[in-house]
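All remarks here apply to the structure that follows.
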Amino acid sequence: MKVCGMTGIDQVRRLDAMGVEFAGFIFYPRSPRFVGKFDLDPEALRRERLQVNRVGVFVDAPLDELLRAVDTWRLHMVQLHGDESPRYCEKVSSHVTTVKAFRVAPDDDLGWKTHSYREAVDMYLFDSVGVSYGGNGTRFDWKAVEGRTFGKPWFLSGGIGPEDAGAVAEVAAARKELFAIDVNSRFESSPGVKDMASLEAFRKRLTAGSPVK
């Protein structure tokens with residue numbers, strides 16, 4: 000499971016303690032969860048030596064800026080959530096494991112949307128269309144991934160909430176390439192402040208019924 004929009008070191012410690020595999024840190028200045036708006040020191044985070052993997056989320060960032068953040072924050076993975084070209088993604092993936100996010104609209108042909116990125120990135124992420132690049136709290140129609148083989152592992156994102164553990168388990172059982180789920184705004188009391196009790200309860204329900212991370 001990936002919990003995105005992390006803004007405090009104490010909450011990252013708690014994710015690590017409950018066995019969450021991925022913590023997402025948003026490097027998009029227009030996001031209400033932008034790490035630059037919070038007191039989160041990358042050096043202090045590195046000293047923690049936590050097992051949870053650090054994922055940096057970027058939206059159309061200049062390449063040199065992104066690579067500096069990868070180095071400063073010792074990111075294990077990068078998620079590209081904007082309109083990045085395959086060529087740009089290829090440059091990023093030569094440095095760090097790279098996930099390309101796709102916002103799924105009704106009647107989208109995901110095979111067509113993803114095909115030019117297949118050689119450029121390591122994984123995909125499917126999210127909902129909304130007014131912002133992620134964190135909209137709405138779910139896309141999961142029928143869009145039914146019967147699909149993308150040739151890569153992928154994350155399921157977009158408005159997943161505490162009540163969705165059973166539905167996520169069903170998706171995982173039917174789709175072998177589903178690597179992990181991504182949660183964010185539906186588990187918050189305010190932007191960047193996670194409801195840790197709700198996250199822990201959700202994770203327990205999810206892992207009891209599904210092999211998905």
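Numbering (numbering that gives the first Met the number 0), first residue to last: 0 to 212.
Where is the CB? At the ideal position from N, CA and C, for every residue including glycine.
(request) Could you tell me which residues DSSP puts in a beta bridge with Q78? (result) Residue 78 sits at position 79 when you count from the first residue of the sequence shown. In the DSSP secondary-structure assignment, Q78 is bridged to V56 and V98.
(request) Would you kindly check if the distance between the Cβ of V182 and the Cβ of S156 is under 9 Å? (result) Locating residue 156 in the sequence shown gives position 157, counting from the first residue. Locating residue 182 in the sequence shown gives position 183, counting from the first residue. Against a cut-off of 9 Å, the Cβ pair of V182 and S156 comes out as a contact.
(message) Less than 8 Å between C-beta atoms, sequence neighbours within five positions excluded: which residues of the same chain meet that for I8?
(response) To locate residue 8, count along the sequence shown from 1; it is residue 9. Cβ contact annotation for I8 (same chain, cutoff 8 Å, sequence separation greater than five): L39, D40, A43, L44 and E47, in chain order.
(request) Using DSSP bridges, identify the partner residues of W153. (result) Sequence index remark: in the sequence shown, residue 153 carries index 154 (1-based). Beta-bridge analysis with DSSP links W153 to Y123 and L177.
(request) Work out the CA separation of F26 and R67 for me, nearest whole Å. (result) For the purposes of this step, residue 67 is taken as the residue at position 68 of the sequence shown. For the purposes of this step, residue 26 is taken as the residue at position 27 of the sequence shown. Linking R67 to F26 through their CA atoms gives a straight-line distance of about 11 Å.
(message) What residue range does the beta strand (DSSP E) around A64 cover?
(response) Along the sequence shown, read from residue 1 onward, the residue named residue 64 stands at position 65. The sequence as given places Glu at residue 64; Ala does not occur at that position. Note, E64: premise wrong, no beta strand (DSSP E); alpha helix (DSSP H) at L62 to W72.
(message) M17 and E169 - do their beta-carbons sit closer together than 9 Å?
(response) To locate residue 169, count along the sequence shown from 1; it is residue 170. To locate residue 17, count along the sequence shown from 1; it is residue 18. Pairing E169 with M17 gives a Cβ-Cβ distance that is not under 9 Å.
(request) Locate the beta strand (DSSP E) running through E187, then write down its first and last residues. (result) Locating residue 187 in the sequence shown gives position 188, counting from the first residue. Here the beta strand (DSSP E) through E187 covers E187 to S189.
(request) Decide if L79 is buried, meaning its Cβ has at least 16 other Cβ atoms within 10 Å, or exposed. (result) Here residue 79 corresponds to residue number 80 of the sequence shown, with the count starting at 1. L79 is classed as buried because its beta carbon has at least 16 other beta carbons within 10 Å across all chains shown.
(request) Could you check which residue in V19, P152, F154 and A119 has the C-alpha nearest to that of T206? (result) As a working note, residue 206 is residue 207 in the sequence shown. Nearest of V19, P152, F154 and A119 to T206, Cα basis: V19.
(message) Once the 5 residues before and after D59 are set aside, which same chain residues still bring their CB inside 8 Å of it?
(response) One-based indexing of the sequence shown puts residue 59 at position 60. The beta carbon of D59 is closer than 8 Å to those of G81, D82 and E83 in its chain, skipping five residues each way along the sequence.
(message) Rounded to whole angstroms, what is the Cα-Cα separation between F186 and A171?
(response) Working through the sequence shown from its first residue, we reach residue 186 at position 187. Working through the sequence shown from its first residue, we reach residue 171 at position 172. The alpha-carbon atoms of F186 and A171 are separated by roughly 21 Å.
(request) Between the Cα of M76 and those of S92, V11 and F37, spot the shortest distance and give me the residue it belongs to. (result) Numbered from 1 along the sequence shown, position 77 holds the residue referred to as residue 76. Looking at S92, V11 and F37, the one whose alpha-carbon comes closest to that of M76 is S92.
(message) For D126, tell me which candidate among F33, A104, E118 and R117 has the shortest Cα-Cα distance.
(response) Numbered from its first residue, the sequence shown carries residue 126 at position 127. Taking each of F33, A104, E118 and R117 in turn and checking the Cα distance to D126, the smallest one comes out for A104.
(request) Please name the residue, chosen from W111, F139, V144 and F201, that lies closest to G165 on a Cα-to-Cα basis. (result) Mapped onto the sequence shown, residue 165 falls at position 166. Measuring from the Cα of G165, the nearest candidate turns out to be F201.
(message) Going by DSSP in three states, G146 sits in which element: helix, strand or coil?
(response) Position 147 of the sequence shown holds residue 146. Note: G146 maps to coil in three-state DSSP.
(message) On the DSSP letters alone, give me the boundaries of the beta strand (DSSP E) that A104 sits inside.
(response) The count along the sequence shown starts at 1 and reaches residue 104 at position 105. Segment: none, A104 is in no beta strand (DSSP E) and carries neither H nor E.
(message) Helix, strand or coil for I159? Go by DSSP, reduced to three states.
(response) Here the question's residue 159 lines up with position 160 in the sequence shown. Residue state, collapsed to three classes: coil.
(message) Let me see if you follow: with CB-CB separation under 9 Å, is V56 close to chain D or not?
(response) In summary, chain D is missing from the structure at hand, where a single protein chain is found.
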